[in-house]
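Take the position in the sequence shown, starting the count at 1, then add 1104; the result is the number in this note's numbering. Just so you know, even glycine gets a beta-carbon here, dropped at the ideal spot from N, CA and C. Keep in mind that this is a model prediction, so the values were computed, not measured. Only one structure is covered here, and it is reproduced in the block below.
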Amino acid sequence: MDSETEICTEPPPQQYQVQDLMQMLGLLLDQKLASIQESMPEILQQVTNQTQRITNAQQRISTLEDELDKTQKILDTQQREITILADKVDLENRIKGANTQSNFLIERFHRIGLPPTADSNRPRQVVLKLLNYTDKMNILSSYRKKNNL
1105 MDSETEICTE PPPQQYQVQD LMQMLGLLLD QKLASIQESM PEILQQVTNQ TQRITNAQQR
1165 ISTLEDELDK TQKILDTQQR EITILADKVD LENRIKGANT QSNFLIERFH RIGLPPTADS
1225 NRPRQVVLKL LNYTDKMNIL SSYRKKNNL
């Protein structure tokens, strides 16, 4: 029983292996953590740079949106002005069209017959020679339409 009662002060061989593995794992973890800690400032700098770039981009986008709003308001105002002016020009053209007076080039113009007497309200007849034949035809066709000839 003495041999059984002896207390073994040495750990079993498996425990040495476990301790060695733990030490090796600890060293590997320390190395990995050290490399991660070394790269952290660089990563933080990159994140800071990206944050600044995003902030700058957001500011530029905001500025462009404000300018776009101003430009859109100006465009809307100008489109309304164009519509008003187009309506005004159209109205002026219609008024001018209703009051159209053609300028015919008259070569010769004569009144014929006696001056009107007090009894007569009719104007004297005229004879005229136009420079352009098309003007003559326009006058005659207008007269025929008016008098239903």
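Under the three-state reduction of DSSP, which class applies to L1218: helix, strand or coil?
Secondary structure of L1218 (DSSP, three-state): coil.
Could you tell me whether the Cβ atoms of K1233 and R1248 are closer together than 8 angstroms?
Contact: no.
Pairwise C-alpha distance: N1160 and R1184:
Approximately 36 angstroms, taken between the alpha carbons.
Could you tell me the distance, in whole angstroms, from the CA atom of P1219 to the CA atom of E1196?
Between the C-alpha atoms of P1219 and E1196 there is a straight-line separation of about 41 angstroms.
Using a Cβ-Cβ cutoff of less than 7 angstroms, which residues in the same chain neighbour N1236 once the five nearest sequence positions on both sides are dropped?
L1209.
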